[in-house]
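Right, one structure below, let's go through it.
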Ligand SMILES: [Zn+2]
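In the numbering used here, the protein residues as written are 52 to 481.
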C-alpha cells in the first residue's frame with residue numbers, strides 16, 4: 052500500500068550519528084536532580100524565524116535523563132538547545148531536536164504567511180545562573196545561536212504547573228537516569244472510556260517493545276501512562292466537521308494532510324506530564340481513523356487502530372532514532388528537502404557525498420551502485436545491504452541501505468536503522 056502521507060510531512064530531520072567524543076560536565080557540580088522546562092514560541096516562515104520566551108517552568112519530577120551524557124553527541128536535527136554557565140561560558144548541556152515549525156516552513160502557507168508555534172525543551176535544573184541558547188543550522192549545517200534566555204535558579208521565575216497528572220507505571224526496569232523513559236499520553240478518551248484506556252496503554256506498550264531492536268532492549272525502557280478523561284471521546288477532525296475539546300487538543304489534517312494527526316498545544320501537553328519522568332512522548336489517540344506523525348526529540352503520535360502495531364515503531368524510528376523515511380513520494384513538491392551537494396542529516400539515507408559517514412562500512416566490496424532491489428523478500432528479510440536508489444521521498448539521487456525496512460514499508464528495521472537505534476538507546480543507559 053502507499054505509504055503514510057502523514058509521515059512524509061512528519062519528516063524527521065536527523066543526523067548521521069556522527070558520535071563526537073565530548074567530555075560531559077559533572078552533573079552534581081552544575082545541576083540539581085530536578086527538571087526545568089523552557090516554554091517558548093517560534094514565529095516565522097520559510098525565510099526567517101525568531102524565538103520568544105514564554106517562561107521557565109519547574110516540573111514536578113526528578114531529572115529523567117542521563118547524568119553522564121549531558122552534551123548531545125549525536126549531530127542531528129535542525130535545532131539545538133545549548134546551555135552555558137553564565138559566569139564562564141562553559142557548555143553544560145545540549146540536546147538536538149526538530150519541531151513542527153520546521154515542517155510548516157516547507158508548506159505553501161509557510162512560504163506565504165507567518166505563523167507562531169509553541170515549543171518546549173527540558174533540561175536538568177541548574178545550580179547557578181545559566182544562558183539558555185536556542186540554535187538552528189545555517190546553510191553549511193553548522194549550528195548558530197538565534198536566541199539567548201538567561202535563567203537564574205535563585206529567582207522565582209520557575210513556576211510549577213498545578214494540573215500535573217499522576218503517571219501509571221506500565222513497565223518499570225529501574226532508575227530513570229539509566230533508562231529510556233517513554234510516556235504514553237492518552238488522548239481522546241471520554242469519561243466512559245477509562246477501561247479502554249487501560250487496555251490501550253498495555254497494547255501500545257507491547258507495540259513499543261514488539262519490534263527489534265526495541266524488543267531486545269526491553270530492559271532499558273521504563274514506560275509510563277498518563278491519562279486524562281475528557282467530557283467526550285475522540286479527537287478533532289476538521290474534514291469530518293468534528294471538533295472535540297480533548298486532553299491535548301490534537302487534530303487530523305495538520306498542514307492540510309488528512310492523516311497527519313498532531314497537536315500544536317505543547318505547553319498544555321507538558322503541563323499534563325509535569326508529574327512524570329520522561330525522555331520521549333507517545334501520544335495515543337482514541338480514534339480509529341488512520342493517522343499519526345512524529346518529530347525527532349519532540350513527540351510521536353498514533354491513532355489506536357488496526358495498523359498501530361506498525362505505525363508506532365515507524366514513528367518511533369523518527370522521534371527516538373531520528374531516522375528518515377526511506378520511501379519515495381513523487382507527489383511531494385518539497386524540492387529543497389535534500390541538498391544534493393550535502394549529506395542528509397539522517398543516518399539511513401545518503402547522497403553519496405560522504406558515504407563513509409553513513410553505512411559504507413557495512414557494504415560488501417564490489418556491491419554495484421545503485422544496487423538492484425531484490426523481489427519477493429519475506430516479512431523479516433530486508434535483503435542484502437547495499438546502496439539502493441530512492442529514499443527520503445525522492446526517486447533519484449538519494450539512496451537507502453536495503454530493499455525493505457520499517458522506514459520504507461513496515462518491514463523489520465534494516466541493519467543500518469537497527470544500528471542507529473541501538474546507538475541512541477546506549478546514550479540513555481550510561
Ligand atoms: Zn532502514
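Virtual Cβ for every residue (Gly too), placed ideally from N, Cα, C.
Here the structure is a predicted model, which is why all the values come from computation and not from measurement.
Exposure label - residue i; buried when at least 16 CB within 10 Å
{"i": "residue 66", "result": "Per-residue confidence for residue 66 stands at a pLDDT of 35, beneath the threshold of 50, marking its modelled position as unreliable; the derived number appears in the next sentence. With 16 or more Cβ atoms within 10 Å of its Cβ, residue 66 is classed as buried."}
{"i": "residue 462", "result": "buried"}
{"i": "residue 407", "result": "exposed"}
{"i": "residue 286", "result": "buried"}
{"i": "residue 290", "result": "exposed"}
{"i": "residue 195", "result": "exposed"}
{"i": "residue 151", "result": "buried"}
{"i": "residue 134", "result": "buried"}
{"i": "residue 240", "result": "buried"}
{"i": "residue 294", "result": "exposed"}
{"i": "residue 429", "result": "exposed"}
{"i": "residue 409", "result": "buried"}
{"i": "residue 475", "result": "buried"}
{"i": "residue 386", "result": "Any reading at residue 386 is ruled out, since the residue's pLDDT is 49, under 50, leaving its predicted position unreliable."}
{"i": "residue 165", "result": "exposed"}
{"i": "residue 269", "result": "exposed"}
{"i": "residue 189", "result": "exposed"}
{"i": "residue 439", "result": "buried"}
Check: residue i C-beta below 7 Å from any heavy atom of ligand 1
{"i": "residue 467", "result": "yes"}
{"i": "residue 440", "result": "no"}
{"i": "residue 238", "result": "no"}
{"i": "residue 483", "result": "This structure leaves residue 483 out entirely; the chain is present only between 52 and 481."}
{"i": "residue 464", "result": "yes"}
{"i": "residue 394", "result": "no"}
{"i": "residue 377", "result": "yes"}
{"i": "residue 399", "result": "yes"}
{"i": "residue 102", "result": "no"}
{"i": "residue 452", "result": "yes"}
{"i": "residue 458", "result": "yes"}
Unbroken beta strand (DSSP E) run spanning residue i, endpoints
{"i": "residue 201", "result": "194–202"}
{"i": "residue 362", "result": "Note, residue 362: premise wrong, no beta strand (DSSP E); alpha helix (DSSP H) at 359–370."}
{"i": "residue 220", "result": "219–222"}
{"i": "residue 335", "result": "331–336"}
{"i": "residue 402", "result": "Taken as a continuous stretch (DSSP letters only), residue 402 belongs to no beta strand (DSSP E), as it is neither H nor E."}
{"i": "residue 240", "result": "Element bounds for residue 240: n/a, residue is neither H nor E."}
{"i": "residue 168", "result": "166–177"}
{"i": "residue 102", "result": "100–109"}
{"i": "residue 427", "result": "It is not in any beta strand (DSSP E) - residue 427 carries neither H nor E in the DSSP assignment."}
{"i": "residue 230", "result": "Premise fails: residue 230 is in no beta strand (DSSP E) and is neither H nor E."}
{"i": "residue 274", "result": "272–277"}
{"i": "residue 136", "result": "130–136"}
Residue span of the alpha helix (DSSP H) that contains residue i, given as start and end
{"i": "residue 250", "result": "245–259"}
{"i": "residue 319", "result": "317–323"}
{"i": "residue 447", "result": "Where residue 447 is concerned, there is no enclosing alpha helix (DSSP H), although the beta strand (DSSP E) it sits in stretches over 445–451."}
{"i": "residue 468", "result": "466–480"}
{"i": "residue 152", "result": "151–155"}
{"i": "residue 159", "result": "159–163"}
{"i": "residue 457", "result": "457–460"}
{"i": "residue 78", "result": "78–81"}
#### Entry: At least three beta-carbon pairs within less than 8 Å, the segment 88–103 to the segment 164–183
The segment 88–103, when compared against the segment 164–183, does touch it at the 8 Å Cβ threshold.
### Message
Counting beta carbon pairs with one atom in the segment 131–138 and one in the segment 179–187, are three or more of them shorter than 8 Å?
### Response
Segments in contact, yes.
### Message
Does the segment 327–344 come into contact with the segment 241–260, if we say contact requires no fewer than three beta-carbon pairs (one atom in each stretch) closer than 8 Å?
### Response
The segment 327–344 is in contact with the segment 241–260.
### Query
Taking contact to mean at least 3 C-beta pairs separated by less than 8 Å, is the segment 216–234 in contact with the segment 271–284?
Yes: at least three Cβ pairs fall under 8 Å.
### Task
Flag this pair as touching only if the segment 462–476 and the segment 429–439 have three or more C-beta atom pairs under 8 Å; answer yes or no.
In short, these stretches touch, since the Cβ pair count reaches three.
### Query
Counting Cβ pairs, one atom from each stretch, are 3 or more of them under 8 Å apart for the segment 300–309 and the segment 339–352?
These segments touch.
### Query
For the segment 397–404 against the segment 442–451, are there 3 or more C-beta pairs whose distance is under 8 Å?
Per the Cβ contact rule, the segment 397–404 is in contact with the segment 442–451 (3 or more Cβ pairs under 8 Å).
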